[in-house]
Amino acid sequence: MDFSLRSRICKVCEYHQQRKEIVPAHDCSKNWYGSSKGMEPDMAVEMTHNLKDSGCQIQVLHADNDSTTTSRLKVDFDDLEKKDDQNHVKKGFSKKLYELSKKFKELKHPDVIPYIVRCFMYAVKENTGSVENIQLALKRMVLHIFGDHTLCENAEWCTYAKDPFNFKSYGGSSSLSNRLSASVLQKNEGYTWLSKVNEASLLSPGQHTLKLAKQMDRRLNRHRINQKTTHFKRRRIQLRKLKKKSEFRSQIKEGTTYENETEVNDAISDIQQIPSRLTINDSEEFIIFDLETTGLSRNSDITQIAASSGSNIFQRYIMPRCEITHEASKITGLTFSHSTNKMYLNGTIVQTCAIEQALLDFIDFLKLQNKPVLVGHNITNFDMMVLENRLREFSLFATFSAHVKGFIDTLKLSKRVFPKDKVGNYKQQTLVKEVLGTEYHAHNAKEDVLSLKELFTRNYVKIVLMMICTMLTFIILDYL
Numbered sequence: 001m002d003f004s005l006r007s008r009i010c011k012v013c014e015y016h017q018q019r020k021e022i023v024p025a026h027d028c029s030k031n032w033y034g035s036s037k038g039m040e041p042d043m044a045v046e047m048t049h050n051l052k053d054s055g056c057q058i059q060v061l062h063a064d065n066d067s068t069t070t071s072r073l074k075v076d077f078d079d080l081e082k083k084d085d086q087n088h089v090k091k092g093f094s095k096k097l098y099e100l101s102k103k104f105k106e107l108k109h110p111d112v113i114p115y116i117v118r119c120f121m122y123a124v125k126e127n128t129g130s131v132e133n134i135q136l137a138l139k140r141m142v143l144h145i146f147g148d149h150t151l152c153e154n155a156e157w158c159t160y161a162k163d164p165f166n167f168k169s170y171g172g173s174s175s176l177s178n179r180l181s182a183s184v185l186q187k188n189e190g191y192t193w194l195s196k197v198n199e200a201s202l203l204s205p206g207q208h209t210l211k212l213a214k215q216m217d218r219r220l221n222r223h224r225i226n227q228k229t230t231h232f233k234r235r236r237i238q239l240r241k242l243k244k245k246s247e248f249r250s251q252i253k254e255g256t257t258y259e260n261e262t263e264v265n266d267a268i269s270d271i272q273q274i275p276s277r278l279t280i281n282d283s284e285e286f287i288i289f290d291l292e293t294t295g296l297s298r299n300s301d302i303t304q305i306a307a308s309s310g311s312n313i314f315q316r317y318i319m320p321r322c323e324i325t326h327e328a329s330k331i332t333g334l335t336f337s338h339s340t341n342k343m344y345l346n347g348t349i350v351q352t353c354a355i356e357q358a359l360l361d362f363i364d365f366l367k368l369q370n371k372p373v374l375v376g377h378n379i380t381n382f383d384m385m386v387l388e389n390r391l392r393e394f395s396l397f398a399t400f401s402a403h404v405k406g407f408i409d410t411l412k413l414s415k416r417v418f419p420k421d422k423v424g425n426y427k428q429q430t431l432v433k434e435v436l437g438t439e440y441h442a443h444n445a446k447e448d449v450l451s452l453k454e455l456f457t458r459n460y461v462k463i464v465l466m467m468i469c470t471m472l473t474f475i476i477l478d479y480l
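Residues in the sequence shown are numbered from 1 upward in steps of one, following the UniProt record's numbering.
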């Protein structure tokens, strides 16, 4: 119905990178930069969404015991039912028993745990789909293991009822010694051992078998000789270090990628993936925005939000739900009168709306562009945090994230564009005065947006495009 693949390797890229050459244009097979363990959950989510978009109704997921995949899927598919693969159920159960064997010496005998696992799988396979029957079968299994067959009347796998007197359990065969002997021969004689055995048994050595065995022996000898060289050993150490660093970074970024019982853990946020570094191209659309708030705290309410894109200007004054601090009123000129239930800008009444409506209108404004990049001055430590808090409060953050690609903080960019001895400081009001030679009414969201738009268009866009070309997109904040 659907398939997906992830690859962390491209031989063409590796070939040219090892020689420190520019990688030519090619059909690159590398489409995954995370850890190998993170591939499965990512592919499962992608394929499930593809099937849903094509009209398929998905109710049951058959998978192994990687509960991380289930946890990722249940974020978007609440009603999805998980069914474990029997082989992985058996593996998980036996793993727990071997862990218990460290404390209970009765489990250390090599035949005990395999026998318990076999009985356990009998109980599960015969009663799939019925919780009550599985519970009864597990109780029967415990008695059966200790020689009590009083509950084994309806158990087809128990042969005690057929012949109680001669009831015995046989295990093992001579094939074990044969397989072990074959392994020893291949280690000592090489791949040609099979032909030698045939000759010793007065059988034909097999010309094609002998030819292939000699070819494999030559390849193995070349590999062994290569492994002893200094270059190979250095390269192996280097690759091991690179792999360890890559896996460490990926595990931090991806969170839990393979662990039992993850889907029953309430800490869902711990398994969510941290987004990769955001990249942009020269066709990106930019929207300048700014906020004014009731105070200097990141938990403050928004009192004004403004944005500009091309000739389109967006502005909303918002009815505050808490007191506007004296410091904020002094900076923005916004005050609120409880007696009239009105907001004033420097003594003039302004039209206000509820904060939820303002956020919805702002998202509608963003939808006019194709996933724009939001641009603001000194937004990293304040505006972005305030905006996120209010969006999450009204469960609008996911919708907002779906229509925005990222953020650019022009304060960080200014420090790379203008020397400090030229502009004095990096406040927006100072930059506009020193660079554009104009002054404006600062700390009004609309005026801040219009002045920053002119400053950004004249002085920053070219720098941003230059950084795109040189892959220096560090100013884009990995925030969404």
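Here a beta-carbon is modelled for each residue, glycine too, at the ideal position from N, C-alpha and C.
For clarity, every value in this text was computed on a predicted model and none was experimentally measured.
Helix, strand or coil at residue i [DSSP, three-state]
| i | result |
| --- | --- |
| valine 12 | helix |
| aspartate 79 | coil |
| glycine 55 | coil |
| asparagine 312 | strand |
| cysteine 353 | strand |
| valine 373 | strand |
| aspartate 361 | helix |
| alanine 445 | helix |
| lysine 243 | helix |
| valine 23 | coil |
| leucine 472 | At leucine 472, the pLDDT of 34 sits below 50, so the modelled position is not reliable; the number obtained from the coordinates is stated separately. Coil at leucine 472, not helix or strand. |
| glutamate 132 | helix |
| aspartate 2 | coil |
| serine 250 | helix |
| glutamate 153 | coil |
From the options, residue whose alpha carbon lies closest to that of residue i
| i | options | result |
| --- | --- | --- |
| tyrosine 122 | Lys139, Lys108, His109 | Lys139 |
| methionine 385 | Lys422, Asp409, Thr150 | Asp409 |
| isoleucine 287 | Glu323, Leu396, Leu368 | Leu368 |
| glutamate 284 | Leu220, Leu411, Phe407 | Phe407 |
| aspartate 84 | Thr68, Asp76, Ala402 | Thr68 |
| aspartate 27 | Glu40, Ser7, Leu194 | Ser7 |
| threonine 325 | Ser300, Asn341, Ser311, Ala306 | Ser300 |
| lysine 214 | Glu199, Phe400, Glu189 | Glu189 |
| proline 114 | Lys95, Glu126, Thr128, Lys105 | Lys95 |
| arginine 72 | Lys90, Pro41, Leu61, Asp53 | Pro41 |
| glutamine 429 | Asn312, Lys20, Gly129, His443 | His443 |
| arginine 321 | Ser308, Gln315, Lys330, Thr335 | Thr335 |
| glutamate 323 | Asp148, Ile379, Thr303 | Thr303 |
| threonine 348 | Ser337, Gln357, Ala358 | Ser337 |
| arginine 298 | Leu387, Ser29, Val417, Glu439 | Leu387 |
| leucine 203 | Ser195, Thr380, Ser35 | Ser195 |
| serine 354 | Asn341, Gln227, Gln207 | According to the sequence shown, residue 354 is alanine rather than serine. It is Asn341 whose Cα lies nearest to the Cα of alanine 354. |
| valine 142 | Leu345, Val131, Gly129, Phe120 | Phe120 |
| glutamate 327 | Gln315, Gly295, Ile305 | Gly295 |
| leucine 239 | Arg316, Val449, Gln18 | Gln18 |
| phenylalanine 289 | Trp32, Glu126, Asp448 | Asp448 |
8 angstroms CB neighbourhood of residue i in its chain, flanking five on each side removed
| i | result |
| --- | --- |
| lysine 415 | Tyr426 |
| glutamine 135 | none |
| isoleucine 9 | Ser29, Lys30 |
Contacting residues, own chain, Cβ-Cβ under 7 angstroms from residue i (five flanking each side not counted)
| i | result |
| --- | --- |
| leucine 100 | Leu107 |
| aspartate 2 | Met47, Asn50, Leu51 |
| isoleucine 116 | Leu97, Ile145 |
| histidine 403 | Ile363, Leu366, Lys367, Lys371 |
| leucine 345 | Gly333, Leu334 |
For residue i, the residue or residues it bridges with in DSSP
| i | result |
| --- | --- |
| threonine 335 | Tyr344 |
| glutamine 304 | Glu292, Tyr317 |
| glycine 406 | Val373 |
| alanine 63 | Asp84 |
| phenylalanine 286 | Val373 |
CB contact below 8 angstroms: residue i versus chain C
| i | result |
| --- | --- |
| isoleucine 313 | The structure shown contains no chain C, having only a single protein chain. |
Neighbourhood of residue i by C-beta, 6 angstroms cutoff - its chain only, sequence neighbours within 5 removed
| i | result |
| --- | --- |
| alanine 267 | Its pLDDT being 49, under 50, alanine 267 is placed unreliably by the model, and the measurement read from it follows with that caveat. Excluding sequence neighbours, alanine 267 sits near nothing in its chain. |
Check whether the region 442–458 and the region 361–381 are in contact - that is, three or more C-beta pairs closer than 8 angstroms.
yes
Counting beta carbon pairs with one atom in the region 56–63 and one in the region 8–19, are three or more of them shorter than 8 angstroms?
Judged by Cβ distances under 8 angstroms, the region 8–19 makes no contact with the region 56–63, as fewer than three pairs qualify.
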